[in-house]
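All remarks here apply to the structure that follows.
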Amino acid sequence: MPHLHGFTRTLRYKLLTPTDVKQQMRCTTAHFRQVVSYYLQIFQEHQELIGYSQWLKAAETMTHRTKSNPHPVYPFDHEYSNLPSGFRRAAISEAYGLACAWQSSYEKWQAKKQKLEKKNPQRVAEGQKPVKFKEHPPQYPVESNSWLGYYKTEYKWLDKHHILLKLYTGSTYSYRKVALLQPLTIPPGYATGSPSLIHKPIGWELHIPIVLVEKSGLQEINKLVKTAATKICVVDLGVNRHAAMTIQDTKGRVYATKFISGAQDNHLRKRYLEKIVALQAQTRVIPEGERFAKDIWDKVSNLNNDIAHRVSRQIVNFTKDHKAKIIVFEYLDNLKPEKGTKSHWLNRKLGYWVKGRIFRYTQYKGLHVGIVTSRVSPKNTSARCPYCGFLSIERYTPGKEKGVDLARCTNCGVKGVNADFIGTLGIGLNFRLKHCS
Ligand SMILES: [Zn+2]
Numbered sequence: 005m006p007h008l009h010g011f012t013r014t015l016r017y018k019l020l021t022p023t024d025v026k027q028q029m030r031c032t033t034a035h036f037r038q039v040v041s042y043y044l045q046i047f048q049e050h051q052e053l054i055g056y057s058q059w060l061k062a063a064e065t066m067t068h069r070t071k072s073n074p075h076p077v078y079p080f081d082h083e084y085s086n087l088p089s090g091f092r093r094a095a096i097s098e099a100y101g102l103a104c105a106w107q108s109s110y111e112k113w114q115a116k117k118q119k120l121e122k123k124n125p126q127r128v129a130e131g132q133k134p135v136k137f138k139e140h141p142p143q144y145p146v147e148s149n150s151w152l153g154y155y156k157t158e159y160k161w162l163d164k165h166h167i168l169l170k171l172y173t174g175s176t177y178s179y180r181k182v183a184l185l186q187p188l189t190i191p192p193g194y195a196t197g198s199p200s201l202i203h204k205p206i207g208w209e210l211h212i213p214i215v216l217v218e219k220s221g222l223q224e225i226n227k228l229v230k231t232a233a234t235k236i237c238v239v240d241l242g243v244n245r246h247a248a249m250t251i252q253d254t255k256g257r258v259y260a261t262k263f264i265s266g267a268q269d270n271h272l273r274k275r276y277l278e279k280i281v282a283l284q285a286q287t288r289v290i291p292e293g294e295r296f297a298k299d300i301w302d303k304v305s306n307l308n309n310d311i312a313h314r315v316s317r318q319i320v321n322f323t324k325d326h327k328a329k330i331i332v333f334e335y336l337d338n339l340k341p342e343k344g345t346k347s348h349w350l351n352r353k354l355g356y357w358v359k360g361r362i363f364r365y366t367q368y369k370g371l372h373v374g375i376v377t378s379r380v381s382p383k384n385t386s387a388r389c390p391y392c393g394f395l396s397i398e399r400y401t402p403g404k405e406k407g408v409d410l411a412r413c414t415n416c417g418v419k420g421v422n423a424d425f426i427g428t429l430g431i432g433l434n435f436r437l438k439h440c441s
């Protein structure tokens with residue numbers, strides 16, 4: 005387990021449950037477990053989905069009928085016709101988690117077996133008896149004892165004492181107002197996650213995970229910067245480049261630099277968008293009820309999500325590798341995509357949107373390994389010269405090399421410096437002005 009530094013905790017609340025609510029909670033939990041079992045079977049029959057990035061979507065396509073998916077392979081909807089979508093997704097996630105856990109223990113068992121059997125020929129050659137591997141393989145789970153984790157669409161907080169929970173009556177799902185024995189008290193700086201409904205010998209409880217959010221990371225940051233050895237990873241999210249990163253200390257010394265290219269992804273997204281724009285020009289009447297160019301838009305949105313996951317993972321890994329404790333971003337400027345063709349404009353717009361996701365994913369992934377994320381003002385970050393301190397940095401593109409942005413200073417004359425690198429120094433300076441002075 006990574007050290008969590010108190011970033012995540014679980015709050016436990018006893019619930020006031022009249023007999024009928026109790027009954028519905030039992031019913032809901034039992035129904036949820038049935039659906040989890042259903043999906044456990046799906047993942048057993050389709051083990052290719054375990055480890056596949058689109059597992060949720062694939063499992064839904066196999067089981068859930070929609071306008072664009074009129075004939076799912078499994079008749080799931082017949083059995084669970086009025087199951088709210090959030091319960092379906094919660095059950096799929098639960099089943100997937102159990103299937104993944106099984107697969108990894110199965111692989112461990114296999115490796116152990118192979119390791120032992122590999123030595124047998126040698127044993128036999130030495131006149132010994134071969135050793136038989138007697139351990140049973142881990143059984144694939146067919147049932148679950150999981151507690152229902154509420155998906156965001158199926159619950160709603162009314163106030164500190166009351167929450168609306170969707171519960172199963174045995175025939176339909178409907179909201180019930182449920183009272184907490186003690187008022188919900190979230191410690192300052194924490195945000196709540198999805199609650200789980202759990203039965204204990206003394207009665208029903210709601211378990212609510214809470215996670216430390218950016219703002220209160222402030223205390224942590226102010227504590228960390230007092231140590232001279234603390235390193236920060238400064239990230240500049242660029243337009244052509246996904247990210248430029250530098251590892252700096254609290255005095256501004258630079259220890260390492262890394263760039264994550266965005267050229268390939270930007271090019272691919274541009275091609276998708278060009279297709280969409282071309283289709284729009286061809287089509288006069290858009291078929292009713294269909295989202296226009298849905299297939300291509302899906303590709304664009306998968307690509308964006310993939311970029312955000314990939315880049316945030318690389319940022320967190322780079323930070324970890326250099327034992328930095330704080331990741332520093334700048335607040336995103338207001339969006340002003342430059343003019344150009346429609347697809348170019350759209351591409352920039354989406355690129356900007358991805359930046360916001362990269363930030364959120366990094367923050368989340370960082371929290372789980374004890375790294376705090378901070379944001380500072382973007383003021384002058386790309387204009388201030390790190391060598392002479394004047395606001396005299398100009399970007400320029402050398403020769404014919406497209407996409408390479410260099411910076412020069414009209415005051416001190418320094419030139420040929422990578423413009424995104426200058427950006428990270430500017431962000432690092434704003435961080436020091438905010439926290440280290
Ligand atoms: Zn200068």
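Residue numbers (our numbering): 5 to 441. Glycine included, C-beta positions come from ideal geometry on N, C-alpha and C.
The region 68–76 and the region 127–143 do not touch, with fewer than 3 CB-CB distances between them shorter than 8 Å. A straight-line Cα-Cα distance of about 11 Å links Gln268 and Arg275.
By the neighbour-count definition (other C-beta atoms within 10 Å, threshold 16), Gly266 is a buried residue. Using a 10 angstroms sphere on the CB of Asp424, the tally of other CB atoms reaches 16 or more, which defines it as buried. In the displayed model, Trp357 falls within a helix according to three-state DSSP.
It is roughly 48 Å from the alpha-carbon of Arg92 to the alpha-carbon of Asn124. Excluding the 5 residues flanking it on each side, Tyr335 has same chain C-beta neighbours closer than 6 Å at Arg379, Pro382, in chain order. Pairing Ser57 with Leu162, the inter-Cα distance amounts to about 35 Å. Note on geometry: alpha-carbon atoms of Thr401 and Gln107 lie some 51 Å from one another. Distances between the C-beta of Asn415 and the heavy atoms of ligand 1 include at least one below 8 Å. Sixteen is the threshold: since fewer than 16 other Cβ atoms of the shown chains lie within 10 Å of the Cβ of Val146, the residue is exposed.
At a threshold of 8 Å, Ile251 does not count as near ligand 1, since its beta carbon sits no closer than that to any of the ligand's heavy atoms. Note that the C-beta distance between Leu15 and Ile212 is below 9 Å. Beta-bridge analysis with DSSP links Lys204 to Gly207.
In the same chain as Met66, and ignoring 5 residues on each side of it, the C-beta atoms closer than 6 Å to its own belong to Pro76, Val77, Tyr78, in chain order.
Burial check for Glu98: the Cβ neighbour count within 10 Å reaches 16 or more, so the residue is buried. In terms of side-chain proximity, the C-beta atom of Phe91 is found no nearer than 8 Å to any non-hydrogen atom of ligand 1. Straight across, the Cα-Cα distance linking Val421 with Ile214 is about 43 Å. In this structure, Ser396 has its CB closer than 8 Å to one or more heavy atoms of ligand 1. For Tyr400, the shortest separation between its Cβ and any heavy atom of ligand 1 does not lie below 8 Å. For Lys298, same chain residues with a beta-carbon under 8 Å away, outside a window of 5 residues either side, are Ser72 in chain order.
Put simply, of Tyr159, Lys112, Lys160, Ser148 the residue whose alpha carbon is nearest the alpha carbon of His140 is Lys112. When secondary structure is reduced to three states using DSSP, Asp24 falls in the helix class. By alpha-carbon distance to Val320, the top candidate from Ala312, Ile331, Lys136 is Ile331. Here the alpha carbons of Gln284 and Val40 stand approximately 42 Å from one another. Checking the DSSP bridge columns, you'll see Glu398 partnered with Arg412. Here Gly420 carries a coil assignment [DSSP, helix/strand/coil].
Counting only runs of 4 or more residues that sit fully inside the region 40–92, the alpha helix (DSSP H) segments are 59–67, 80–83, in chain order. Sixteen is the threshold: when 16 or more other Cβ atoms of the shown chains lie within 10 Å of the Cβ of Phe322, as they do, the residue is buried. According to the DSSP assignment, Leu228 belongs to the alpha helix (DSSP H) that extends over 221–228.
Taking 9 Å as the cut-off, the Cβ atoms of Lys235 and Gln223 do not count as close. When the beta-carbon positions are compared, Val182 and Thr23 stay at least 9 Å from each other.
In this structure, DSSP gives Trp349 a helical state, which the three-state scheme calls helix.
The nearest non-hydrogen atom of ligand 1 is less than 8 Å from the C-beta of Val418.
Thr250 carries a strand assignment under DSSP once its states are collapsed to helix, strand and coil. One Cα belongs to Asn244, the other to Asn351, and the distance between them is close to 11 Å.
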